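A.B. asks:
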Amino acid sequence: SKTTHTILRPLQHIMKRFFLTILAAAAFLSTAQSQTVAERLKAIRAEVYTRVLNLTPEEAQNFWPIFNEYVDEKESLQKQLRPEGQIDGMSDAEVEDYIKKYFEVRQKEFDLEKELVQKLRKVLPARKIAKLPKAEREFRESLLKRLQELKERRQQRRGRN
Numbered sequence: 002s003k004t005t006h007t008i009l010r011p012l013q014h015i016m017k018r019f020f021l022t023i024l025a026a027a028a029f030l031s032t033a034q035s036q037t038v039a040e041r042l043k044a045i046r047a048e049v050y051t052r053v054l055n056l057t058p059e060e061a062q063n064f065w066p067i068f069n070e071y072v073d074e075k076e077s078l079q080k081q082l083r084p085e086g087q088i089d090g091m092s093d094a095e096v097e098d099y100i101k102k103y104f105e106v107r108q109k110e111f112d113l114e115k116e117l118v119q120k121l122r123k124v125l126p127a128r129k130i131a132k133l134p135k136a137e138r139e140f141r142e143s144l145l146k147r148l149q150e151l152k153e154r155r156q157q158r159r160g161r162n
């Protein structure tokens, strides 16, 4: 149906961008042989968030356990959004179920974010909590920049051979 197709197009785009960002980060981070991808992602996230939020050592000590738990729960929710197979290959009923599930998971993510803010209010000033979206944006931009640099280095190496 045309309505379903219209609704799914932006959803597919969002999921594709998210998946490609994670895939790109994994590809970039796999070059750091001494660290796992997850460890490298955590290190980059810690650097960016600590800088953007301007966390004191005491704030960081309280912030990271709360925030890491949030990230783990959010990743678990996002895994539920991965469609089983191609959307174009789904029946109309399966597509309808996927759309329903998409909004249920998005609501759970929103509730999880509200819960995060409530927990952080106990350990951080509101001004720093308000900078969380900026920190996440800068973290993603940092990953994309690092990926671009890696691609350029690989292309330069290929050019020399």
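Residue numbers (the numbering used here): 2 to 162.
In this text, a Cβ means the ideal position worked out from N, Cα and C, and glycines have one as well.
Since we're looking at a predicted model, the values are computed, not measured.
Compute the beta-carbon to beta-carbon distance between A136 and L54, rounded to the nearest angstrom, for a pair I have assumed lies under 8 angstroms.
C.D. replies: Sure, about 6 angstroms apart at Cβ, within 8 angstroms.
A.B. asks: Is DSSP giving A94 helix, strand or coil here?
C.D. replies: Three-state result, A94: helix.
A.B. asks: Using only CA atoms, which one of Q81, A94, E74 lies nearest to L113?
C.D. replies: Answer by Cα proximity: E74.
A.B. asks: Beta-carbon within less than 6 angstroms of Q157's beta-carbon, same chain only, minus the 5 sequence neighbours each way: which residues are those?
C.D. replies: Hits under 6 angstroms: none found.
A.B. asks: Verify whether the separation of the beta carbon atoms of V124 and N69 is less than 7 angstroms.
C.D. replies: Contact: no.
A.B. asks: Per the contact definition of three or more C-beta pairs closer than 8 angstroms, is the segment 42-53 in contact with the segment 89-102?
C.D. replies: Contact between the segment 89-102 and the segment 42-53 is absent, because fewer than three Cβ pairs lie under 8 angstroms.
A.B. asks: Which residue wins for smallest C-alpha separation from T57, given the options R138, K129, V96, S143?
C.D. replies: When only C-alpha atoms are compared, the closest one is K129.
A.B. asks: Under a Cβ-count criterion, where at least 16 other Cβ atoms within 10 Å of its own Cβ denotes burial, should R41 be classed as buried or exposed?
C.D. replies: Looking at its Cβ environment, which holds 16 or more other Cβ atoms inside 10 Å, R41 is buried.
A.B. asks: Of the residues R159, L144, R154, which one's Cα is nearest the Cα of V38?
C.D. replies: Ranking the options by Cα distance to V38, first place goes to L144.
A.B. asks: Report the three-state DSSP secondary structure of K132 (helix, strand or coil).
C.D. replies: Here K132 sits in coil by DSSP.
A.B. asks: E153 to E139, Cα distance in whole Å?
C.D. replies: Roughly 21 angstroms separates the two Cα atoms.
A.B. asks: Taking DSSP as the reference, what is the three-state secondary structure of V106?
C.D. replies: V106: helix per DSSP, three-state reduction.
A.B. asks: So, with DSSP's three-state summary, where would you put S143?
C.D. replies: Three-state result, S143: helix.
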